[in-house]
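**Student:** Here the sequence shown is numbered in this note's numbering, starting from 35 and rising by one per residue. Where a beta carbon is used, it is the ideal one built from N, C-alpha and C, also for glycine. Dropping a structure here in structure tokens format, bear with me for questions.
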Amino acid sequence: MKKINLDINEGESLAIIGESGAGKTTLGRVLVGLQRPDAGEYLYDNINVWKNRRAMKRLRKEVQYIYQDPISSLNPSKTIYESMSFPLRKQGLRGDALRERVSELLKEVGLNAGEVESRYPSQLSGGQLQRVNIARALSVNPRVLIADEPVTMLDASYRIGIIDLLVRLKKERNLTLVFITHDLAISRYLDYRISGVRGIVMYGGIIVERGDLNSLIKNPRHPYSQYLVNSTIDIVNDGELQSVSKSNVENITRAEIGCPYSTHCPFVMEKCKEKEPLLMKIEENREVACYIYGG
Numbered sequence: 035m036k037k038i039n040l041d042i043n044e045g046e047s048l049a050i051i052g053e054s055g056a057g058k059t060t061l062g063r064v065l066v067g068l069q070r071p072d073a074g075e076y077l078y079d080n081i082n083v084w085k086n087r088r089a090m091k092r093l094r095k096e097v098q099y100i101y102q103d104p105i106s107s108l109n110p111s112k113t114i115y116e117s118m119s120f121p122l123r124k125q126g127l128r129g130d131a132l133r134e135r136v137s138e139l140l141k142e143v144g145l146n147a148g149e150v151e152s153r154y155p156s157q158l159s160g161g162q163l164q165r166v167n168i169a170r171a172l173s174v175n176p177r178v179l180i181a182d183e184p185v186t187m188l189d190a191s192y193r194i195g196i197i198d199l200l201v202r203l204k205k206e207r208n209l210t211l212v213f214i215t216h217d218l219a220i221s222r223y224l225d226y227r228i229s230g231v232r233g234i235v236m237y238g239g240i241i242v243e244r245g246d247l248n249s250l251i252k253n254p255r256h257p258y259s260q261y262l263v264n265s266t267i268d269i270v271n272d273g274e275l276q277s278v279s280k281s282n283v284e285n286i287t288r289a290e291i292g293c294p295y296s297t298h299c300p301f302v303m304e305k306c307k308e309k310e311p312l313l314m315k316i317e318e319n320r321e322v323a324c325y326i327y328g329g
């Protein structure tokens, strides 16, 4: 990942799109403070968290990460109640107040505390476990949720329910939502459920295109974005959301010099192999890193 320049405004929704190896998860880990880049700044409320311990501590409380694998995110030897209780105990809750708060949080994500809190992770479905992970993230009253492929490892029947839950929580709590996905079907559904979602497309560790998610999906401008959109079709059957590839997915192999997509691009020019293009504005709310549009 390099040369990432990204602003996220409070209360907005952002979709980060790209195939495995594009740098999406690395960016997500940087945003939540789990990984530090070799250079650059990360400003949270205009304070560089890399140079301010108090700001970093606040960031790690207010920006919560929802992992791709709902099973490995929970301690298999702890009951759901024990896992939910840990962050709440750190807030000073005990006894009836603690049990009531656990019940409230589980209810908020669509789970019945009486049915799940005494169980272990191995006794719940993937969809239930992801709801527990979301509830645990909510326990610290975050301002930002970063959902890293939150439905990728779930059965198709659970996917829409988890996305709908995140959308509802975003609206009810006025959360900033960052949604990381490789799946265009998921991106389209997210755009359908939330108006005004911004989207960025990543390839080889850089942002190759960004703009309004709806127009980005309907009219992709970067050759890689076009490839992503044209290589998948969406299927919705009985509430199940799936994306089916129409062609073999390209391996993420970035060129070491020039545009990282130059080894795959059907429109490659000589200068694409010599110098990496920078993001340039080509229309209102659309930036593309591609020499096709000048530069």
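Can the beta-carbon of Lys309 be found less than 8 Å from the beta-carbon of Gly328?
**Tutor:** Contact flag unset, no.
**Student:** Can the beta-carbon of Ile50 be found closer than 8 Å to that of Leu61?
**Tutor:** In this structure, Leu61 lies closer than 8 Å to Ile50 by Cβ.
**Student:** Which of the three DSSP states, helix, strand or coil, is assigned to Tyr237?
**Tutor:** Three-state DSSP puts Tyr237 in a strand.
**Student:** Quick check for students: name the residue ranges of the beta strand (DSSP E) that lie wholly in the segment 116–165, counting only runs of 3 or more.
**Tutor:** Qualifying beta strand (DSSP E) stretches: none in this window.
**Student:** Can you tell me whether Phe213 is buried or exposed? The criterion is at least 16 other CB atoms within 10 Å of its CB, across all chains shown.
**Tutor:** By the neighbour-count rule (16 or more Cβ atoms within 10 Å), Phe213 is buried.
**Student:** According to DSSP, is Lys315 part of a helix, a strand, or is it coil?
**Tutor:** Lys315: strand per DSSP, three-state reduction.
**Student:** Who are the near neighbours of Gly239 in its chain, counting only those whose CB is closer than 6 Å to its CB and skipping five residues on each side?
**Tutor:** Answer for Gly239: Met35, Lys36, Gly57, listed in chain order.
**Student:** Does the beta-carbon of Ser279 have 16 or more other beta-carbons within 10 angstroms, so that it is buried, or is it exposed?
**Tutor:** Here Ser279 scores only 48 on pLDDT, less than 50, and its place in the model should not be relied on; the value that follows carries that caveat. Exposed: under 16 other Cβ atoms inside 10 Å.
**Student:** In three-state DSSP terms, what is Val83?
**Tutor:** Here Val83 sits in helix by DSSP.
**Student:** My assumption, with CB atoms under 8 Å, is that Asp182 sits in contact with Gln102. Please give the rounded CB distance.
**Tutor:** Rounded, the Cβ-Cβ distance is 5 Å, consistent with contact.
**Student:** Please state whether DSSP places Tyr99 in a helix, a strand or coil.
**Tutor:** In the structure shown, Tyr99 sits in a strand (DSSP, three-state: E or B).
**Student:** State the Cα-Cα distance for the pair Val235 and Arg207, rounded to the nearest angstrom.
**Tutor:** Taking the straight line joining both Cα atoms gives about 27 Å.
**Student:** My guess is that Leu122 and Val136 are in contact by the Cβ rule of under 8 Å, so how many angstroms apart are they, rounded?
**Tutor:** About 7 Å; that satisfies the 8 Å criterion.
**Student:** Have a look at the DSSP bridge pairing and note the partners of Leu48.
**Tutor:** Bridge partners of Leu48: Val212, Arg232.
**Student:** Take Thr186 and list the residues in its own chain whose beta-carbon comes closer than 6 Å to its own, dropping the five residues that flank it on each side.
**Tutor:** The answer, listed in chain order, is Gln102.
**Student:** Thr210 to Leu247, Cα distance in whole Å?
**Tutor:** The alpha-carbon atoms of Thr210 and Leu247 are separated by roughly 16 Å.
**Student:** Between Val97 and the rest of its own chain, which residues show a CB-CB distance below 6 Å, the 5 nearest in sequence each way excluded?
**Tutor:** Here the set comprises Val66, Val178.
**Student:** Kindly indicate which residue of Ser152, Leu48, Asp41 has the alpha-carbon position closest to the one of Leu224.
**Tutor:** Taking only the C-alpha atoms, the option nearest Leu224 is Leu48.
**Student:** Per DSSP, Glu321 forms a beta bridge with which residues?
**Tutor:** Paired residue(s): Arg244, Lys315.
**Student:** Are the beta-carbon atoms of Arg255 and Val322 separated by less than 8 Å?
**Tutor:** Cβ atoms of Arg255 and Val322: closer than 8 Å.
**Student:** Look up Ala56 in the DSSP assignment and give the residues it is bridged to.
**Tutor:** Its beta-bridge partners do not exist; DSSP assigns none.
**Student:** Val242 to Ser221, Cα distance in whole Å?
**Tutor:** If I take the Cα positions, the gap works out to 17 Å.
**Student:** Since Val178 sits in a beta bridge, which residues does DSSP pair it with?
**Tutor:** According to DSSP, which records beta bridges pairwise, Val178 is partnered with Val97, Thr210.
**Student:** Need the endpoints of the alpha helix (DSSP H) that Gln260 sits in, please.
**Tutor:** Its alpha helix (DSSP H) spans residues 257–264.
**Student:** Give me the Cβ distance between Gly233 and Gly245, rounded to the nearest whole Å; I'm assuming they're in contact under 8 Å.
**Tutor:** So it is a contact: roughly 7 Å between Cβ atoms.
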